Every structure is written in structure tokens, then in C-alpha cells.
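Counting from 159, one number per residue, gives the positions in the sequence shown under the working numbering.
Ideal Cβ placement from N, Cα and C applies to all residues, glycine included.
Small disclaimer: the values here were computed from a predicted structure and weren't measured.
Below is one structure, written out as C-alpha cells; comments come after it.
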Amino acid sequence: MALWTALRRRRSKLDRRLDTLTRSREALDACIRATEQKTDPLAPSTCTTR
159 MALWTALRRR RSKLDRRLDT LTRSREALDA CIRATEQKTD PLAPSTCTTR
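Quick look at the structure:
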């Protein structure tokens with residue numbers, strides 16, 4: 159396998175991992191905001207888990 163091919167594959171894998179981490183961070187931020195804004199402690203959670 160050529161060096162450039164290996165480097166491009168590695169970069170692609172890193173891009174996918176970064177995208178996943180970004181989505182996870184955004185979901186966590188949304189959960190935190192929803193929790194901070196929640197006024198009724200018995201209200202159902204708006205956070206979802208994966």
C-alpha cells in the first residue's frame with residue numbers, strides 16, 4: 159500500500175471519530191441545557207442515551 163493511501167485512510171478514520179465526538183458533545187450540551195432549564199423535578203427527561 160502506498161504511503162499516501164495509508165495516510166488518507168488514517169485521516170478518514172480520524173475525521174469519522176471527530177464527527178462522532180462532535181455529535182456526542184452536542185448531545186451532552188443539549189442535555190445539560192435541558193437539565194439547567196428544567197423547573198419540574200418530576201418532569202420526564204429530554205435527554206436520550208445511545
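Where residue 196 and residue 172 are concerned, what is the direct C-alpha to C-alpha distance, given to the nearest angstrom?
As a first step, residue 196 is located in the sequence shown; it is residue number 38 there, counting from the start. As a first step, residue 172 is located in the sequence shown; it is residue number 14 there, counting from the start. About 36 Å.
According to DSSP, simplified to helix, strand and coil, what is residue 160?
Working through the sequence shown from its first residue, we reach residue 160 at position 2. Of the three classes helix, strand and coil, the one that applies to residue 160 here is coil, per DSSP.
Where does residue 171 sit, in a helix, a strand or coil, going by DSSP?
On the sequence shown, position 13 is the one that residue 171 refers to. Looking at residue 171 - three-state DSSP - the assignment turns out to be helix.
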